[in-house]
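Engineer: Please find one structure pasted underneath; my questions will follow.
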Amino acid sequence: MAIKLVEDGPETQSTHQRRRGERRLDFGTAWEYAPAPERPDHVRLRDRYGLFINGRWVSPESGKFFKTINPATEEPIAEIAEGSEADVERAVAAARQAYESVWSKMRPLERGKYVYRIARAIQERARELAVVESMDGGKPIKESRDFDVPTTAAHFFYNAGWADKLSYAFPGRAVRPLGVAGQIIPWNFPLLMAAWKIAPALACGNTVVLKPAETTPLTALLLAEIIREAELPPGVVNIVTGAGATGAALVNHPDVDKIAFTGSTAVGKLIQRALAGTGKRMTMELGGKAANIVFADAPLDQAVEGIINGIFFNQGHVCCAGSRLLVEEGIHDVLVAKLRDRMATLRVGDPLDKNTDIGAINSREQLERIEQLVQVGEDEGAERYTAPCPLPEKGFFFSPTIFTGVAQSHAIAREEIFGPVLSVLTFRTESEAVERANNTFYGLSAGIWSNKGARLFKLATQLEAGVVWANTYNKFDPSSAFGGYKESGFGREGGRHGLLPYLVVE
Amino acid sequence: MAEKRKKNSDRRRPGADYVETVDAPDPVGRLSVKKTWKLYIGGAFVRSESGRYLQTADKQDNYARASRKDVRDAVKAAVAAQPGWAGRTAYNRGQILYRLAEVLEGRRDELIASLTLGGASDAAAEVDATIDRAVSYAGWTDKVHALLGTHNPVSGPHFGFSIPEPVGVVACVAPDRPALLGLVGAICPIIATGNTLVVLASELDPRTALVLAESLATSDVPGGVVNILTGSRDELAEHMAKHQGVRALDLWNIDGEAAKQLELLATENVKRVTRRLQPAEAWYDADECTSLTWLSSFLEIKTVWHPMGA
Amino acid sequence: MGTADGPKLAGLNGPEGRGALPPLSASPPVERVAIEERVGALARRSIKTTAKKAGLLLAIRMMDLTTLEGKDSPGKVRALCQKARWPDRTRPEIPSVAAVCVYPNLVPVAKEALEGSGVHIASVATAFPSGLSPLSIKLDDVRRAVEYGADEIDMVIDRGAFLSGEEQKVFDEIAAIKEACGDAHLKVILETGELGSYDNVRRASDVAMYAGADFIKTSTGKIQPAATPAVTLVMLEAIREFYFKTGRYIGMKPAGGIRAAKQALHYLVIVKETLGDAWLTPELFRFGASTLLNDVLMQLVKLETGAYQAAEYFSRD
Numbered sequence: 005m006a007i008k009l010v011e012d013g014p015e016t017q018s019t020h021q022r023r024r025g026e027r028r029l030d031f032g033t034a035w036e037y038a039p040a041p042e043r044p045d046h047v048r049l050r051d052r053y054g055l056f057i058n059g060r061w062v063s064p065e066s067g068k069f070f071k072t073i074n075p076a077t078e079e080p081i082a083e084i085a086e087g088s089e090a091d092v093e094r095a096v097a098a099a100r101q102a103y104e105s106v107w108s109k110m111r112p113l114e115r116g117k118y119v120y121r122i123a124r125a126i127q128e129r130a131r132e133l134a135v136v137e138s139m140d141g142g143k144p145i146k147e148s149r150d151f152d153v154p155t156t157a158a159h160f161f162y163n164a165g166w167a168d169k170l171s172y173a174f175p176g177r178a179v180r181p182l183g184v185a186g187q188i189i190p191w192n193f194p195l196l197m198a199a200w201k202i203a204p205a206l207a208c209g210n211t212v213v214l215k216p217a218e219t220t221p222l223t224a225l226l227l228a229e230i231i232r233e234a235e236l237p238p239g240v241v242n243i244v245t246g247a248g249a250t251g252a253a254l255v256n257h258p259d260v261d262k263i264a265f266t267g268s269t270a271v272g273k274l275i276q277r278a279l280a281g282t283g284k285r286m287t288m289e290l291g292g293k294a295a296n297i298v299f300a301d302a303p304l305d306q307a308v309e310g311i312i313n314g315i316f317f318n319q320g321h322v323c324c325a326g327s328r329l330l331v332e333e334g335i336h337d338v339l340v341a342k343l344r345d346r347m348a349t350l351r352v353g354d355p356l357d358k359n360t361d362i363g364a365i366n367s368r369e370q371l372e373r374i375e376q377l378v379q380v381g382e383d384e385g386a387e388r389y390t391a392p393c394p395l396p397e398k399g400f401f402f403s404p405t406i407f408t409g410v411a412q413s414h415a416i417a418r419e420e421i422f423g424p425v426l427s428v429l430t431f432r433t434e435s436e437a438v439e440r441a442n443n444t445f446y447g448l449s450a451g452i453w454s455n456k457g458a459r460l461f462k463l464a465t466q467l468e469a470g471v472v473w474a475n476t477y478n479k480f481d482p483s484s485a486f487g488g489y490k491e492s493g494f495g496r497e498g499g500r501h502g503l504l505p506y507l508v509v510e
Numbered sequence: 026m027a028e029k030r031k032k033n034s035d036r037r038r039p040g041a042d043y044v045e046t047v048d049a050p051d052p053v054g055r056l057s058v059k060k061t062w063k064l065y066i067g068g069a070f071v072r073s074e075s076g077r078y079l080q081t082a083d084k085q086d087n088y089a090r091a092s093r094k095d096v097r098d099a100v101k102a103a104v105a106a107q108p109g110w111a112g113r114t115a116y117n118r119g120q121i122l123y124r125l126a127e128v129l130e131g132r133r134d135e136l137i138a139s140l141t142l143g144g145a146s147d148a149a150a151e152v153d154a155t156i157d158r159a160v161s162y163a164g165w166t167d168k169v170h171a172l173l174g175t176h177n178p179v180s181g182p183h184f185g186f187s188i189p190e191p192v193g194v195v196a197c198v199a200p201d202r203p204a205l206l207g208l209v210g211a212i213c214p215i216i217a218t219g220n221t222l223v224v225l226a227s228e229l230d231p232r233t234a235l236v237l238a239e240s241l242a243t244s245d246v247p248g249g250v251v252n253i254l255t256g257s258r259d260e261l262a263e264h265m266a267k268h269q270g271v272r273a274l275d276l277w278n279i280d281g282e283a284a285k286q287l288e289l290l291a292t293e294n295v296k297r298v299t300r301r302l303q304p305a306e307a308w309y310d311a312d313e314c315t316s317l318t319w320l321s322s323f324l325e326i327k328t329v330w331h332p333m334g335a
Numbered sequence: 562m563g564t565a566d567g568p569k570l571a572g573l574n575g576p577e578g579r580g581a582l583p584p585l586s587a588s589p590p591v592e593r594v595a596i597e598e599r600v601g602a603l604a605r606r607s608i609k610t611t612a613k614k615a616g617l618l619l620a621i622r623m624m625d626l627t628t629l630e631g632k633d634s635p636g637k638v639r640a641l642c643q644k645a646r647w648p649d650r651t652r653p654e655i656p657s658v659a660a661v662c663v664y665p666n667l668v669p670v671a672k673e674a675l676e677g678s679g680v681h682i683a684s685v686a687t688a689f690p691s692g693l694s695p696l697s698i699k700l701d702d703v704r705r706a707v708e709y710g711a712d713e714i715d716m717v718i719d720r721g722a723f724l725s726g727e728e729q730k731v732f733d734e735i736a737a738i739k740e741a742c743g744d745a746h747l748k749v750i751l752e753t754g755e756l757g758s759y760d761n762v763r764r765a766s767d768v769a770m771y772a773g774a775d776f777i778k779t780s781t782g783k784i785q786p787a788a789t790p791a792v793t794l795v796m797l798e799a800i801r802e803f804y805f806k807t808g809r810y811i812g813m814k815p816a817g818g819i820r821a822a823k824q825a826l827h828y829l830v831i832v833k834e835t836l837g838d839a840w841l842t843p844e845l846f847r848f849g850a851s852t853l854l855n856d857v858l859m860q861l862v863k864l865e866t867g868a869y870q871a872a873e874y875f876s877r878d
């Protein structure tokens with residue numbers, strides 16, 4: 005029986021000595037997947053959304069609206085109200101009123117039951133939410149469908165159960181809610197971040213004013229509809245859309261007891277500055293530049309999956325993305341070759357196609373930032389490899405990219421790129437791996453790949469990171485605390501630890 | 026005999042031989058040796074690099090007036106000591122804190138004498154409470170994890186847990202009063218869990234802080250774990266607040282514009298700031314001052330995931 | 562490591578694989594949860610319309626239509642061979658399967674029934690399914706099957722020997738059997754359901770490939786679990802590594818428990834995204850199955866007509 009040999013392809017861009025010589029895999033067209041678009045026909049969106057204040061949709065006082073666009077097509081989807089200081093004032097007043105008159109007085113179990121209702125309604129409308137999330141933010145439908153939306157529901161479900169059990173969370177101490185929480189969330193996991201913020205706040209007895217990111221407001225507004233349908237008392241959750249100025253108005257409002265922020269370290273510092281000396285509570289979930297450390301004894305093929313998932317999940321728009329790959333020197337070439345093969349199978353394109361692995365970059369602005377940092381990487385002398393994935397002509401897309409030959413001092417090894425760009429560095433010994441991993445002002449997450457149990461646990465304690473994934477990556481669960489060390493922020497979200505930011509412990 | 030011992034103890038007492046007007050020396054008596062009160066950095070007693078000094082309010086002693094660069098040196102020592110201190114077992118840290126209590130008990134008289142001279146109202150009671158505070162925290166070191174750690178029942182084939190870890194190097198501005206109890210009460214929750222610190226002592230009674238430093242130096246607390254500076258809060262606190270190697274700030278009885286300025290500086294590297302206003306008598310409320318929340322202010326929570334299989 | 566005077570194997574062109582038992586370090590550990598997660602993700606690929614049709618037709622061409630029962634008779638085998646040649650008589654565009662797979666005694670029957678069809682004859686041998694007979698008997702078994710006309714030999718490894726650490730014995734047996742195969746292609750059945758871990762599956766794959774296997778195969782079909790997507794992925798990863806080290810293309814055959822067209826497409830997705838185009842061919846990928854063919858035919862008709870099909874409209878052979 006004749007065995008067909010694949011012809012050698014063109015030379016790769018690599019100047020590395022590829023141990024594998026001319027042998028290469030061909031991820032071509034022998035059997036192609038047909039388009040498999042998720043149809044948006046069941047989605048009900050309005051042309052224009054107001055602000056959700058005191059249980060009602062209201063127009064912004066300024067009368068101003070802005071467009072939210074689909075980053076995969078650059079077409080506008082809907083018009084969104086631009087909340088002003090006056091609108092924030094209304095929202096905070098509604099939240100305060102709801103806190104004083106209803107929410108703080110409600111029996112805890114009843115409070116929990118409202119949160120359970122929200123969880124259930126999210127599950128019912130899962131498909132619609134997933135489609136809108138992908139349309140508005142650009143993430144692949146398989147992620148919004150299998151990760152964002154189910155995990156959103158899980159967060160409400162988990163926290164709902166805490167409402168009547170808070171006295172067990174802090175044994176020996178009495179706890180009470182803070183009052184009104186101002187919450188500002190980013191565009192990378194729009195609905196999920198809303199859940200991370202709203203669910204524990206409500207379960208602990210607070211009322212909230214939430215400001216979604218200006219490029220991805222839609223699912224938060226659908227959540228407002230769900231909250232209305234769940235008959236949550238008016239004012240308990242208020243959603244004020246807008247950009248930076250709207251967020252600033254919320255931060256600076258004197259009647260807000262706490263600010264919870266997820267976003268960049270730069271903006272986090274601005275908020276911390278604005279609140280200096282005020283005594284207001286804060287939680288900050290900021291940027292990251294996580295090390296994903298691979299030892300020679302690792303389950304390599306699974307490590308490759310972990311690396312790919314670590315950096316290309318959600319186009320790399322992930323604060324805990326494994327954006328610095330630290331590889332034990334002896335396996336560098338093999339691992340990089342494996343990564344390139346794996347990258348060749350990534351499917352970049354229409355976020356609504358069920359087979360898309362990497363969707364659209366969230367905004368033109370972010371795309372430009374990624375392009376700029378990648379340029380800096382090239383200028384600094386790192387070697388770039390970009391996967392040969394065809395990109396759509398319209399929309400904001402960026403091919404999966406890795407840099408090898410990266411030095412610890414390169415900007416691409418230090419700055420958060422927040423895109424599908426991986427920097428590969430090497431180490432020789434375990435202690436060097438730890439030193440390099442910790443050699444950053446960030447400290448959100450880290451990954452370790454090794455077959456040695458003792459090493460995993462030792463490194464897990466030595467890495468300065470709020471989340472350590474050993475032989476896995478990018479795992480999240482409402483029962484698990486998440487948050488940063490160092491300039492990646494403070495405070496935790498998820499688990500019992502995630503309640504503390506929304507309670508006063510007497 | 027009893028009288029003689031008393032006299033010896035008086036001589037040992039800091040500054041006891043200093044008086045405003047110098048009488049003619051007793052030609053057959055003995056001249057006592059005076060001590061220079063120095064900063065405690067990295068386990069060593071050092072003069073301020075600036076060469077400056079201040080005089081205690083009782084005018085009995087001179088003590089070093091720390092400078093910006095002393096803050097730098099102290100943080101450097103704390104940074105160097107931190108991994109080793111955090112790397113010790115919780116049991117061992119508990120033993121060391123208990124040893125500190127033992128050493129304090131042994132220096133009881135000296136501490137009472139210094140506090141009294143420094144203006145404390147009931148020095149004996151303060152020393153007693155201080156020793157007990159150290160004992161209480163000695164017991165906390167290996168209990169925190171059971172209370173703050175969690176096993177996370179994640180919905181997937183993974184084993185997950187969240188554990189408390191030290192935040193790193195903490196800078197602390199101690200309260201003026203009680204000078205000793207407030208200092209030890211602020212230090213203990215920070216170091217019990219594996220942090221190291223730089224602490225700026227009471228301005229009203231800095232000498233007692235340095236007596237404590239001598240106790241620390243002769244206890245088993247490794248050098249660099251606790252670094253004690255004396256000097257001006259107005260001058261030094263800002264350098265502590267903006268030092269990039271400091272991960273958390275613990276401010277006692279600072280309010281208003283001063284607090285705002287320090288918190289602004291703290292944002293430079295996203296420091297965790299704990300700021301509390303507490304009247305002197307509140308430090309005697311042992312239940313409150315040894316509560317778990319005091320420890321948790323200087324802890325990070327780390328979540329670890331590992332595959333397990335369904 | 563390895564024996565100096567082991568059998569010289571033709572075709573091994575890599576310096577690392579010339580007829581020696583590979584060192585343990587050649588077989589990296591496998592992370593169980595991650596492997597299962599990966600195949601789980603690949604199971605969610607959406608295969609529609611043209612991709613579905615092409616995939617199903619390819620699956621037929623990759624099928625080893627199998628009957629391995631004690632009650633197998635010449636009549637049963639002849640019927641199976643008819644199905645293998647013309648899976649759907651009413652649709653001439655439906656290709657023949659790759660091979661039929663039978664016990665040695667029935668190879669002559671199959672040979673006659675498949676004359677001129679291009680469909681290969683595979684025969685299980687080596688004291689199938691347990692593999693617990695003396696080597697001389699196994700070799701005899703193989704030679705007889707080849708002599709009867711088998712193009713492909715599906716041997717079983719001695720799992721008892723493998724699990725008790727006698728890798729060299731397993732290696733030597735495979736090498737000897739490969740020699741006995743002559744021109745026939747050798748598929749080595751690991752019986753992964755008895756190996757206990759993915760690490761062992763990976764190790765056994767490496768032992769088999771370095772000893773001269775042309776194909777590695779998951780299962781006999783007599784033990785549960787038989788083929789699973791995860792086990793198949795582990796073996797494909799071993800094949801990939803072996804290819805990079807030696808330049809040799811080793812085939813893969815999951816067998817047992819693959820009954821639905823959807824499963825077959827899932828396997829094809831795993832092959833496509835692990836090894837690429839070169840392996841998307843019957844020369845390098847086979848399904849060992851008996852009932853899968855009818856489900857694939859039903860799905861093809863459904864694609865064509867838009868109507869869901871019922872089993873009674875398809876011949877059961």
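Residue numbers (our numbering), protein chains in the order written: chain A, 5 to 510; chain B, 26 to 335; chain C, 562 to 878. Glycine residues also receive a C-beta, built at the ideal position from the N, C-alpha and C atoms.
#1: For Gly511/A, which of Ser427/A, Phe70/A, Asp51/A and Ser403/A has the nearest alpha-carbon?
#2: Does Arg622/C have its Cβ less than 9 Å from a Cβ in chain A?
#3: Given that a residue counts as buried once 16 or more other Cβ atoms are within 10 Å of its Cβ, and exposed if not, what is Pro144/A?
#4: Under a Cβ-count criterion, where at least 16 other Cβ atoms within 10 Å of its own Cβ denotes burial, should Arg606/C be classed as buried or exposed?
#5: With which residues is Asn87/B paired in a DSSP beta bridge?
#6: Who pairs with Asn163/A in a beta bridge, going by DSSP?
#7: Terminal residues of the continuous alpha helix (DSSP H) containing Glu325/B?
#8: Tell me whether the beta-carbon of Ile231/A lies closer than 9 Å to the beta-carbon of Phe56/A.
#9: For the stretch 110-127 of chain B, enumerate the residues whose C-beta is nearer than 7 Å to any C-beta of chain A, in chain order.
#10: Tell me, to the nearest whole angstrom, how far the beta carbon of Phe402/A is from that of Leu356/A; I am working on the premise that it is less than 8 Å.
#11: Grab the span of the alpha helix (DSSP H) containing Tyr110/B for me, first residue to last.
#12: Do Arg459/A and Phe299/A have their CB atoms nearer than 9 Å?
#13: Quick check: is the beta carbon of Lys358/A nearer than 9 Å to any beta carbon in chain C?
#14: Would Asp587/A count as contacting chain C if we go by Cβ distances under 9 Å?
#15: List the residues of chain C that Gly310/A touches, going by C-beta distances under 9 Å, in chain order.
#16: Comparing alpha-carbon positions, which option in Val707/C, Leu585/C and Val591/C lies nearest Thr793/C?
#17: Quick one: grab the DSSP three-state call for Ala295/A.
#18: Can you say whether Ser632/C is buried or exposed, counting buried as having 16 or more other CB atoms within 10 angstroms of its CB?
#19: Thr476/A CB to nearest chain C CB: under 9 Å?
#20: Shorter than 9 Å from the beta carbon of Gly185/B to some beta carbon of chain C?
Structural biologist: The relevant details are as follows:
#1: Nothing can be reported for residue 511/A, as the shown portion of chain A is limited to 5 through 510.
#2: Your numbering for residue 622/C matches position 61 in the third sequence. No, no contact with chain A.
#3: Here residue 144/A corresponds to residue number 140 of the first sequence, with the count starting at 1. Buried, because 16 or more other Cβ atoms sit within 10 Å of the Cβ of Pro144/A.
#4: To locate residue 606/C, count along the third sequence from 1; it is residue 45. Result: buried.
#5: Along the second sequence, read from residue 1 onward, the residue named residue 87/B stands at position 62. For Asn87/B, which the question treats as bridged, DSSP gives the partners Gln80/B.
#6: Counted from its first residue, the first sequence places residue 163/A at position 159. Asn163/A pairs with nothing; no bridge assigned.
#7: Taking the second sequence and counting its residues from 1, one reaches residue 325/B at position 300. Counting along the chain, Glu325/B falls outside any alpha helix (DSSP H), though it belongs to the beta strand (DSSP E) covering Leu324 to Pro332.
#8: Here residue 231/A is taken as the residue at index 227 of the first sequence, counted from 1. Here residue 56/A is taken as the residue at index 52 of the first sequence, counted from 1. Going by C-beta atoms, Ile231/A is nearer than 9 Å to Phe56/A.
#9: none
#10: As a first step, residue 402/A is located in the first sequence; it is residue number 398 there, counting from the start. As a first step, residue 356/A is located in the first sequence; it is residue number 352 there, counting from the start. About 18 Å; that fails the 8 Å criterion.
#11: Position 85 of the second sequence, counting from 1, holds the residue named residue 110/B. Here residue 110/B turns out to be Trp, not Tyr, going by the sequence shown. Here the alpha helix (DSSP H) through Trp110/B covers Arg93 to Gly112.
#12: Locating residue 459/A in the first sequence gives position 455, counting from the first residue. Locating residue 299/A in the first sequence gives position 295, counting from the first residue. Yes.
#13: Translated into the one-based positions of the first sequence, residue 358/A becomes position 354. Interface residue, yes.
#14: No information on residue 587/A is available, as it lies outside the stretch 5 to 510 that chain A covers here.
#15: Taking the first sequence and counting its residues from 1, the one referred to as residue 310/A is at position 306. By Cβ distance, chain C contributes Glu592 and Ala595.
#16: Here residue 793/C is taken as the residue at index 232 of the third sequence, counted from 1. Here the closest residue by C-alpha is Val591/C.
#17: Counting from one through the first sequence, the residue named residue 295/A turns up at place 291. Here Ala295/A sits in strand by DSSP.
#18: Counted from its first residue, the third sequence places residue 632/C at position 71. What sits at residue 632/C in the sequence shown is Lys, not Ser. Burial call: exposed.
#19: Along the first sequence, read from residue 1 onward, the residue named residue 476/A stands at position 472. At least one chain C Cβ lies under 9 Å of Thr476/A.
#20: By 1-based counting over the second sequence, the position of residue 185/B is 160. Gly185/B does not count as touching chain C.
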